[in-house]
Amino acid sequence: MDSSLASGGKKPTTTSVLVQCILEEFEYVPVEPVPRRYWNDTSGLEFINQLCVDNDERAATIVAASSKYYALSATSALLKYAELKMNTRFAAASLRIRYEQGDGTMLIDPETARNLELVGNMTSRRSSHSLFGILNHTYTAMAARLLRVNLLAPITGQSAIDARLDVVEELVQTEDRFNDVKDSLKSLNKQDFDKLIASLAASEATEASSAKAASARVAQMLNLRSVVKNLPMLAKALAGSKSLILQMIGEMISDERIEKIEQLISESLNEDANNHKANFNHLLDVARETYKENVSDVFNLNQELSQEHSLPLSLSYQDTGFIFQLKKNDLEGELPSGFIDVVLRKGKYTFSSLELKKRNARMKDALEEALMLSDRVIQSLVSEVVVNIGALYKASEAVAMVDMLWSLAHAAILRNYGTLAIKAGRHPILEGVQAAGTLVPNDVYCCEASAFQIVQGPNMSGKSTYLRQIGLLTVMALCGSFVPAEYGSFRLHDALLTRLSNDDDMEKSLSTFANEMASSAMILGMATPDTLILIDENKGAQVIYTSRAILTSSIL
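Under our numbering, residues 1 to 556 are what the sequence shown spells out, in order.
Written out as structure tokens, the structure is:
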């Protein structure tokens, strides 16, 4: 564990919330701090190079782990701890070290993710020209993150994939449910439930240090109220679902603790969303009324000056307060005396006056007082909400899952994806950027009975596209999505490895040939009978290896 967490970065008497939770969850597991300077990815890679046993897996381990910052940092901290605390050092090339993906997910190395354009396009900055861009129709930020994670580490459990496909199929085939879920997700549009919950939990034990911080906390609470008020709408949309996942999601967001949170917030905050203040504190009521009077004084001043000078003055609010505005065409000659800070921009004059500055100052003081008084109420409310925060985390997970699966269903309808299969399969990214009907579908057939399949063709005939299409459809299928094909059958793979690019790597001082050899070493070291491998040779040959079946495309 990073020692800066255990000591709060300063004093050993303080402990971070994260460490407190770890100590409570793993009561009988000793937790030892390691100085922050030892969490170093460069040192971690040096340890692996030095200590990894010289076997067939060595090159694969080094290449796979070289870009994993957190894994390398943790490795460095672990071995430094062994040296300093346990007085233990390992001989060179004495440890069997292997990089593996988490259980139940398919390993996809960073180079493969880049080559297949899973979450970003290699030649364009437009995120829509990627598999993520094609499939992402989510409304919430946490669903978009979940989709990105699933594309980079698809699940491999058959039951989990079938359960997701059941949801997508139900949403595709049941128009009313599809539209009801869509309408309920729209009410949560652009919400980041995870960050909202985390920020509330982090602020539970601290008072706002400024009016700006207090305003942000009030806004967070209003966002939370909006979320919990709209969750029943989603639960209603899922009522009567046939698929198991939708039934579970409906139960998770129907937790009575969420209703209790909504009641607590409604009792403490005004229904008027423009009034971000509590409505039952007498001092706060006075501060709010003072603020309203000050705002009214500003508008009265604008009206008085407009009549006095016969000018159609208007008000605009900025961070420093209100300012006057006047169109250039509405002014004949110069501005009357008494106006200051005059600026002409885009055909409009903006300016102020000493009296306006005074009223802005009084308004700002009243607003800050109201916000600080509001924060005391909000802090008390947050303490009551945090008691039931477990229900909020469950709801966030549930909303993210249904939003992601709805997005996959929407993509299936939008792109006219057929039933699960690879017959007349189409490249999902090209299909999204090319004109309808111009994409040529391709068939794929690999089995254990055929070791090699050779396809011949000239340059630019689509061999590389064919390879990428297979990888993309496999990732989509293992995410639980329909695929753009008439028919298909996919094996469950434990990893997806590729060598599709021929670029030099200047940062690692690798030529094209050396880069290919490093990638090949990784593939040979990590491949298993259940690994899907895609190789685009420098001379035009391509290889697909999947469960002992190899497909080769080459210029002969």
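Glycine included, each C-beta is placed from N, C-alpha and C at the ideal position. All values reported here derive from a predicted model rather than from experimental measurement.
| Check | Outcome |
| --- | --- |
| Run of the alpha helix (DSSP H) containing residue 96, from where it starts to where it stops | Element bounds for residue 96: n/a, residue is neither H nor E. |
| Residue burial classification, residue 111 (beta-carbon count within 10 angstroms, cutoff 16) | buried |
| At least 3 beta-carbon pairs within less than 8 Å: the segment 377 to 392 vs the segment 193 to 204 | yes |
| Residue 530 - DSSP class collapsed to helix/strand/coil | coil |
| Three-state secondary structure (DSSP) of residue 230 | helix |
| Beta-bridge partners of residue 496, as assigned by DSSP | 108 and 532 |
| Pairwise C-alpha distance: residue 172 and residue 423 | 21 Å |
| CA nearest to the CA of residue 74, picked from 304, 477 and 42 | 42 |
| Residue of 309, 360 and 252 minimising C-alpha distance to residue 569 | Any property of residue 569 remains undetermined from this structure, which presents the chain solely from 1 to 556. |
| Closest residue to residue 475 among 458, 497, 215 and 363 (Cα-Cα distance) | 497 |
| Cβ pair residue 535, residue 500 closer than 9 Å | yes |
| Sufficient close CB pairs (3 or more, under 8 Å) joining the segment 288 to 302 to the segment 315 to 330 | yes |
| Beta bridge counterpart(s) of residue 155 as assigned by DSSP | 105 |
| CB contact flag (residue 66, residue 38, <9 Å) | no |
| Beta-carbon contacts of residue 99 that lie in its chain and below 6 Å, excluding the five residues immediately before and after | 61, 64 and 65 |
| Beta-bridge pairing of residue 317 - partner residues as DSSP gives them | 322 |
| Exposure of residue 428, with buried meaning 16 or more beta-carbon neighbours within 10 Å | buried |
| Beta-carbon contacts of residue 187 that lie in its chain and below 7 Å, excluding the five residues immediately before and after | 230 and 233 |
| Neighbourhood of residue 196 by C-beta, 8 Å cutoff - its chain only, sequence neighbours within 5 removed | 220, 223, 224 and 227 |
| One or two residues paired with residue 350 in a DSSP bridge | 325 and 343 |
| Residues that DSSP places opposite residue 360 in a beta bridge | Per DSSP, none; premise fails for residue 360. |
| Residue 472 versus residue 457: straight-line alpha-carbon distance, rounded | 22 Å |
| Burial state of residue 412 (16 or more Cβ within 10 Å) | buried |
| With 16 other Cβ atoms within 10 Å as the buried cut-off, status of residue 90 | exposed |
| Length of the line joining the Cα atoms of residue 470 and residue 184 | 35 Å |
| Residue 143 vs residue 407 beta-carbon contact at 9 Å | yes |
| Per DSSP, the bridge partner or partners of residue 52 | 95 |
| Alpha helix (DSSP H) segment containing residue 479, residue limits | 463 to 479 |
| Residue 122 versus residue 460 - alpha carbon distance | 18 Å |
| Length of the line joining the Cα atoms of residue 191 and residue 140 | 5 Å |
| C-beta atoms of residue 116 and residue 268 nearer than 9 Å | no |
| Buried or exposed by the 16-neighbour rule on C-beta atoms within 10 Å, applied to residue 426 | buried |
| Simplified DSSP assignment, three categories, for residue 269 | strand |
| Cβ-Cβ distance between residue 164 and residue 245 below 9 Å | yes |
| Same chain, Cβ closer than 7 Å to residue 273, five either side skipped, listed in chain order | Here residue 273 scores only 38 on pLDDT, less than 50, and its place in the model is too uncertain to base an answer on. |
| Cβ contact (3+ pairs, closer than 8 Å) linking the segment 328 to 342 and the segment 304 to 316 | yes |
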